[in-house]
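Participant:
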Amino acid sequence: MILFVEYLHEMRGVMKEYLFKDIEKKWQEKWVSEKTFKAIDFHPTKPKYYVLYEFFNISGNLHMGHLKGTVPSDALARYKRFCGYNVLFPIGGDAFGLPAENAAIKSKIKPSKFVADGMQKVLSQSKMLGLSFDWDRTICTSDPEYYKWTQWIFLQLLKNGKAYKKTGHVNFCTGCQTILSNEDCRNGKCDRCGGIVIQKERAVWFLKMKEYSEKLLNNVDNIEMAEHLKDAQRNWIGKSEGMQITFNLQDENEKNVGKVDIFTTCIETIYGVTYVVLAPEHPLISQLREQIKNIKEVDKYIEQTAKRSEFDRLSDQKNKTGCVVEGVFAINPFTQKKVPVYIADFVLNNYGTGAVMAVPAHDQRDYEFAKKFNIPLVQVIQGICENCAVEKTQYLENNSTMLNSEEFTGLDVKTAKNLIIQKAEKIGCGTKKINYKMQDWPFNRQRYWGEPFPVVFCDKCGVVALEEKDLPLVLPEVDDYLPNAEGDSPLSKVKDWVNCKCPKCGADAYRETDTMPNWAGSSWYWLRYADPHNPNKLADYEKLKYWGSVDCYTGGTEHITRHVLYAFFWQNFLYEIGAVPNRNPFIRKMGSGLILDDQGKKMSKSSTNGVSPLEVIDKYGADATRLHLHFLGAYEDNVPWTYQGITGITSFLEKVWSLQDMVTNDNSISKNHIYVLNRLIKKISEDIEALRLNTAIAAFMSFIKQIKADGYITMKELQYFLILLNPLAPHITSEMYEIIFNKQITDESWPKYDEKYLLEDTINIPIQINGKLYKVITINRGASQDEVVEEIKNNNIDIKMEEVKKIIYVKDKIINIIK
RNA sequence: GCGGAUGUGGCGAAAUUGGCAAACGCACUAGACUUAGGAUCUAGCGGGCAACCUUGGGGGUUCAAGUCCCUUCAUCCGCACCA
Numbered sequence: 095m096i097l098f099v100e101y102l103h104e105m106r107g108v109m110k111e112y113l114f115k116d117i118e119k120k121w122q123e124k125w126v127s128e129k130t131f132k133a134i135d136f137h138p139t140k141p142k143y144y145v146l147y148e149f150f151n152i153s154g155n156l157h158m159g160h161l162k163g164t165v166p167s168d169a170l171a172r173y174k175r176f177c178g179y180n181v182l183f184p185i186g187g188d189a190f191g192l193p194a195e196n197a198a199i200k201s202k203i204k205p206s207k208f209v210a211d212g213m214q215k216v217l218s219q220s221k222m223l224g225l226s227f228d229w230d231r232t233i234c235t236s237d238p239e240y241y242k243w244t245q246w247i248f249l250q251l252l253k254n255g256k257a258y259k260k261t262g263h264v265n266f267c268t269g270c271q272t273i274l275s276n277e278d279c280r281n282g283k284c285d286r287c288g289g290i291v292i293q294k295e296r297a298v299w300f301l302k303m304k305e306y307s308e309k310l311l312n313n314v315d316n317i318e319m320a321e322h323l324k325d326a327q328r329n330w331i332g333k334s335e336g337m338q339i340t341f342n343l344q345d346e347n348e349k350n351v352g353k354v355d356i357f358t359t360c361i362e363t364i365y366g367v368t369y370v371v372l373a374p375e376h377p378l379i380s381q382l383r384e385q386i387k388n389i390k391e392v393d394k395y396i397e398q399t400a401k402r403s404e405f406d407r408l409s410d411q412k413n414k415t416g417c418v419v420e421g422v423f424a425i426n427p428f429t430q431k432k433v434p435v436y437i438a439d440f441v442l443n444n445y446g447t448g449a450v451m452a453v454p455a456h457d458q459r460d461y462e463f464a465k466k467f468n469i470p471l472v473q474v475i476q477g478i479c480e481n482c483a484v485e486k487t488q489y490l491e492n493n494s495t496m497l498n499s500e501e502f503t504g505l506d507v508k509t510a511k512n513l514i515i516q517k518a519e520k521i522g523c524g525t526k527k528i529n530y531k532m533q534d535w536p537f538n539r540q541r542y543w544g545e546p547f548p549v550v551f552c553d554k555c556g557v558v559a560l561e562e563k564d565l566p567l568v569l570p571e572v573d574d575y576l577p578n579a580e581g582d583s584p585l586s587k588v589k590d591w592v593n594c595k596c597p598k599c600g601a602d603a604y605r606e607t608d609t610m611p612n613w614a615g616s617s618w619y620w621l622r623y624a625d626p627h628n629p630n631k632l633a634d635y636e637k638l639k640y641w642g643s644v645d646c647y648t649g650g651t652e653h654i655t656r657h658v659l660y661a662f663f664w665q666n667f668l669y670e671i672g673a674v675p676n677r678n679p680f681i682r683k684m685g686s687g688l689i690l691d692d693q694g695k696k697m698s699k700s701s702t703n704g705v706s707p708l709e710v711i712d713k714y715g716a717d718a719t720r721l722h723l724h725f726l727g728a729y730e731d732n733v734p735w736t737y738q739g740i741t742g743i744t745s746f747l748e749k750v751w752s753l754q755d756m757v758t759n760d761n762s763i764s765k766n767h768i769y770v771l772n773r774l775i776k777k778i779s780e781d782i783e784a785l786r787l788n789t790a791i792a793a794f795m796s797f798i799k800q801i802k803a804d805g806y807i808t809m810k811e812l813q814y815f816l817i818l819l820n821p822l823a824p825h826i827t828s829e830m831y832e833i834i835f836n837k838q839i840t841d842e843s844w845p846k847y848d849e850k851y852l853l854e855d856t857i858n859i860p861i862q863i864n865g866k867l868y869k870v871i872t873i874n875r876g877a878s879q880d881e882v883v884e885e886i887k888n889n890n891i892d893i894k895m896e897e898v899k900k901i902i903y904v905k906d907k908i909i910n911i912i913k
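Per the numbering used here: the first sequence = residues 95 to 913.
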C-alpha cells in the first residue's frame, strides 16, 4: 500500500509536532475574527436549533463547574451545525444583584467596574476553551440597554395586576441586609452569604407567582427533563387538594364574634377536632383583642415568635410552643361543639388560611401539641398506635372503619370521606379547595446593585408607573453603595435621584429606592438572544417565533426550584400579554452534575478548593482539558476532579495527531474499517445528542486502537473521524483537517452511517450450560438453532446430546443448554 | 418526617429490550528499545493454585439478574411543622 504520507511529506515537509498552544490560539482567534459561529436570523434553508447554557454569573473567574456544562453544550452546538442546523448558541453575563455586588464589595471595586472587568474576563476565558458562541449576541443584565427591558417587563406586570406592594412578614437576611424570597433561603439561612434569616415586617413588592402555580405545573409536565428534577419542582410548587371549612367563633357567652377559615386535606377527621390553631400573625388576633381575656400573654407570645429566627423555629420542631387564646372558642360546624383556640408558630401564616383544625388522634403534630397542653383527643378512625396518632397513611392504606362520627360511624374511611365532603357542601360550611405551597415572589432588595424600579410614589396619584419612553431608568453612579444596618436601600441617600416629578400630575414625587433581585434579569434572558440589540422591543416577535423555545438548556441543578421556575412564570406571563409566541421557554433541560474536590466537596467559585481550568488549559491545552473533564464521568453525575488519568487523554490526542503519518491516499472506506467506522458514527451521534461525552470519548479511543493495530487509515476514514471528533476536540481536528484536506472542517457535514454496516456477518455467541458460561463460538449471523448445534459439535464441545433436556436459543445472542 | 438518587476491581467508570460483568482510561507488574526515562512500544492486570467465586447484605422470579420484585444496610442530595 502506498502511504499517502510520503506524498504529504513531499508536499508539506514532515509531520509537525503537535504544538497545542499554537494550534489552539490560531483557531480561537480565527473563530472570533471570522465569526464562524454566527447564528443567522431567518435562515432561508436551514432549520433552527437553539442550544443554551446558563449565562455566567459575573462574580469571579471561570471555574471547573462551568466546563461541566459549557463543553457538552458546545459539542451539541457543533454537532448540530454539522447536521445542517442553523444553531443559536449564545452567552452573556448575569451581572446585577447580590452575588456580583458582594463580590465587588469583597474586592473593594465599584460594582460597575467590577462587572465590566468580570464580563471581559469570563468571555476571554471562554474563548480559551474554544467555545463556539455567537459573540455578536453577548448580553449583560446590568447593561442599561438590557435592563431597560427588565424594567419594561416589570411595568407590564404592574399594569396587568401581577405586581403589588404590600407590608408583610418576609425573610430578611441579616448578612446581606435585605429581604429574600423563599427560594433564596435554605434551612433558615441565606443561600448567598449563609447569614441567619429572620422574619421582618416590611413594605415589599410581590409578583403574583402563586397565581401561576397550575401553569407552572403544566410547564413541568411539558419539559424533557430528569424525573427527579421534575419531582423537585412539583414538590416546590406543592399542590394539595382539600377543603376549606369555616368555623364560627364565639365568646364566653356564646355570642358570635366572627369566623375563621381553615384548610384541611383530612376532612374525614372533622369529628375528631378538639382545638383550632391560628398562626401568630393571623389578622383575627387584632380583631378580637377585646374578647381575648389573656391578650397580654398572647401579645407576648407573638412578640417572642417574631424574634425567633426561622432557623430557630425549624431546628426546634420537636418542642412545640403555643399559647391558648382565652375567651374565644371555635364551633365545629358538624357537631356545633365548641373547642378552644390556640396560637402557635408551627402554623404558617402564608400557607392555606393560616389556621388549622387540630385532630390530635390522627395527626402527629397535633398529638404532640395536645399532649403538651393537656387537650383531650377523640379517635374517629380505627387504628392502633401507642403514644402516637393514627395517621392518614395508615388509615387510608387499611381503609379503616370510622368511629365516633355520628351517621358516618361504621363506614369505611374512603366512603365516609366522600359523604362528609358532600355534607359540608350541603350545609354550606365548606368547599373543595386546592392549595399551593409556592408563595408570591418577594421582588425587591434593599441593595444598590440592581435594576431600579420604574415607578414613582406621588402623594396625589399613589404608585405611578414611568412611561415606556422614559426607560431605562438608569441606576445612578454613587460612591456610598454599601448596605446599612437599618436595611434601607443605599439609593435612598441619593436625594437628587430619589426626588422627582410625578409623570402623571407633575407634583413632587419620589422614586422607589429598593432594587430588583438578581433573579430579575435572568428570568427572560434567553428571549433577548433572539434579538439582542433591539432598542424598540424586548425582542422582535418574528425573530422570537423563528428561534422558538430553547431546544436544549444546560446548567446547574441548583437552579431547578428557583431560576427555572421564575423563567416559566415570566414566559407564561409574556405569552399571555402577547409579547412572546410560546408558553414553554425550554423544550429540554439538562441538569449538570457537580465537580467535586478530593474531599468529595463541591468545587465552586465561592470555595477555595477550586482547580482553575486556566491552569489545566495552560499545561495540557483546551482540547485535553475538555476531554479529560468529561471522560471522568457522565454529564448529570457528580464527578471528583483529578489530574490522574489526564495522560491517557494527552496520549490519545498525540495518537490522533499521528494519524497524519498513517493516512493512505485511498479515498474510500476500507473493508477492515467499515463496521467499526459505521458503529462509531452511530455511537458518537447518539452520545452527543444525549450529552454522554464520557462514552463517546471511550469509543474514539477504541477506534484509534484498531487503527493503530492495522497501521493505516484511509483519507475518507480520517475525514469522517476528524468531523466526528471535532465537537469534542475542535482545535486539533480543525488543524488536521486544514493540513490534510486543505479545507475548513466547519464547512463539512456530519457523516451518515449505513444500517447494514452496523452488524458484522460473523458473531461470537456464548454457549451456556445450565445458565453458566461454557465456551464462546463464532458463527454466521442469523444462524438457526440447528446450525448452531451443528457448529457446537464441530467445535468438539463435550456435550452428550442425549443428556440435553432443553435448548434455549436466542438468535444471535446466546445459547443455553439445559442438561 | 416526606421525596429523590446512588452503591460494580487499587482508582475514575462502562454495560439497548434481563443474555459473555468490568468496555475505555488511570495506577500497577513484566519485557523491549535506551547513557537515561516521569518518553515510546509489547504483554499482563477483579479474587482464588484450582474447581469455582464476584456488581453493599439477605431473600425471590427466570433457562438466564448489575439490570425485575421483596427486604435490609450505607452514603449523598432536595424539601422540611404545608394542616
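In this text, a Cβ means the ideal position worked out from N, Cα and C, and glycines have one as well. Please read all numbers here as calculations on a predicted model, not as lab measurements.
(1) For F423, which residues from the same chain have a beta carbon less than 6 Å from its beta carbon, with the 5 sequence-adjacent residues on both sides left out?
(2) Classify R682 as helix, strand or coil using the three-state DSSP reduction.
(3) Here's the rule: buried if 16 or more other CB atoms are within 10 angstroms of the residue's CB, otherwise exposed. What is S127?
(4) By how many angstroms is the C-alpha of C177 removed from the C-alpha of W844?
(5) Just the C-alpha distance for A464 and D278, rounded to the nearest angstrom, thanks.
(6) Take A452 and list the residues in its own chain whose beta-carbon comes closer than 6 Å to its own, dropping the five residues that flank it on each side.
(7) Consult DSSP for I273 and reduce its assignment to one of helix, strand or coil.
(8) Could you tell me which of E362, H376, E346 sits nearest to D355, measuring between CA atoms?
(9) Beta-carbon separation of P611 and R677 under 8 Å?
(10) Since E335 is in the beta strand (DSSP E), which residue starts that stretch and which ends it?
(11) My assumption, with CB atoms under 8 Å, is that Q862 sits in contact with I807. Please give the rounded CB distance.
(12) Please classify D841: does DSSP put it in a helix, a strand, or coil?
(13) So what's Q879 in DSSP terms, helix, strand or just coil?
(14) Going by Cα to Cα distance, which pick from M830, F266, F667 is closest to E304?
(15) What is the DSSP secondary structure of A257, reduced to helix, strand or coil?
(16) Would DSSP call P707 helix, strand or coil?
(17) Measuring straight from C-alpha to C-alpha, what distance separates Y143 and P454?
(18) Using 8 Å as the threshold, is the C-beta distance between I515 and M337 below it?
(19) Taking T525 as part of the beta strand (DSSP E), name the residues at either end of that continuous run.
(20) Between which residues of its own chain and Y173 is the CB-CB distance below 8 Å, once the five residues before and five after are set aside?
(21) Just reading off the beta strand (DSSP E) that Y143 is part of, what are its end residues?
(22) Cα-Cα, which of A297, T268, W299 is closest to I290?
(23) DSSP state of H263, grouped into three classes?
(24) Mapping DSSP to helix, strand and coil, what is E636?
(25) Measuring CA to CA, which of E384, S586, I396, L223 is closest to S167?
(26) Leaving out five residues on either side along the sequence, give the residues of the same chain with a beta carbon under 8 Å from the beta carbon of K517.
(27) Among Q458, H456, A438, K253, whose alpha-carbon lies nearest the alpha-carbon of A449?
(28) In chain order, which beta strand (DSSP E) runs of at least 3 residues are fully inside the segment 566–648?
(29) Helix, strand or coil for R280, going by three-state DSSP, please let me know.
(30) Return the first residue and the last residue of the beta strand (DSSP E) that P860 is part of.
(31) Take V898 as the anchor and find which of T359, K696, N864 has the nearest alpha-carbon.
(32) Do the segment 248–265 and the segment 183–196 meet, that is, are 3 or more Cβ pairs less than 8 Å apart?
(33) Here's the rule: buried if 16 or more other CB atoms are within 10 angstroms of the residue's CB, otherwise exposed. What is N265?
(34) Give me whichever residues DSSP pairs with F49 in a beta bridge.
(35) Taking one C-beta from the segment 469–479 and one from the segment 541–561 each time, how about it: are there three or more such pairs within less than 8 Å?
(36) Alpha carbon to alpha carbon, how far is Y489 from P507? Give it in angstroms, no decimals.
Facilitator: This is what the structure holds:
(1) Take F423, set aside five residues on each side of it, and the residues of its chain with a beta-carbon closer than 6 Å to its own are Q344, K432, in chain order.
(2) Strand.
(3) Exposed, because fewer than 16 other Cβ atoms sit within 10 Å of the Cβ of S127.
(4) Looking at the two C-alpha atoms, the distance is approximately 5 Å.
(5) Straight across, the Cα-Cα distance linking A464 with D278 is about 34 Å.
(6) Cβ within range, chain order: Y369, V371, D460.
(7) Three-state DSSP puts I273 in a strand.
(8) Per the Cα distances, H376.
(9) The Cβ atoms of P611 and R677 lie no closer than 8 Å to each other.
(10) It spans 333–345 - the beta strand (DSSP E) in which E335 sits, taken as one unbroken run.
(11) Contact doesn't hold; Cβ gap of about 38 Å is too wide.
(12) Helix, per DSSP.
(13) If DSSP states are grouped into helix, strand and coil, Q879 belongs with the helices.
(14) Here the sequence assigns Lys to residue 304, which means Glu is not the residue at that position. Cα-wise, what sits closest to K304 is F667.
(15) Correct three-state label for A257: strand.
(16) P707 falls in the helix class under three-state DSSP.
(17) Approximately 57 Å, taken between the alpha carbons.
(18) Yes, the pair counts as a contact, with Cβ atoms nearer than the cut-off.
(19) Unbroken beta strand (DSSP E) run through T525: 524–530.
(20) These residues qualify, in order along the chain: S779, I782, E783, P821, W844.
(21) Per DSSP, Y143 is one residue of the beta strand (DSSP E) stretching across 142–147.
(22) Checking every option, the nearest Cα to that of I290 belongs to T268.
(23) Correct three-state label for H263: strand.
(24) Residue state, collapsed to three classes: helix.
(25) The shortest C-alpha separation from S167 is found at L223.
(26) For K517, where only same-chain residues beyond five positions count, the Cβ hits under 8 Å are F428.
(27) Closest by alpha carbon: A438.
(28) Within the segment 566–648, complete beta strand (DSSP E) segments of at least 3 residues are found at 593–595, 602–605, given in chain order.
(29) Taken through DSSP and simplified to helix, strand or coil, R280 comes out as strand.
(30) Where P860 is concerned, the enclosing beta strand (DSSP E) starts and stops at 856–863.
(31) Between V898 and the set T359, K696, N864, the nearest pair of CA atoms involves N864.
(32) The answer is no - the segment 183–196 does not touch the segment 248–265, with fewer than three Cβ pairs under 8 Å.
(33) Around the beta carbon of N265, 16 or more other beta carbons lie within 10 angstroms, which makes this residue buried.
(34) Outside the modelled stretch of the chain, which goes from 95 to 913, sits residue 49, for which no answer is possible.
(35) With a cut-off of 8 Å, the segment 541–561 and the segment 469–479 do not count as touching, because too few Cβ pairs lie within range.
(36) Sequence check: residue 507 is Val here, not Pro. The alpha-carbon atoms of V507 and Y489 are separated by roughly 8 Å.
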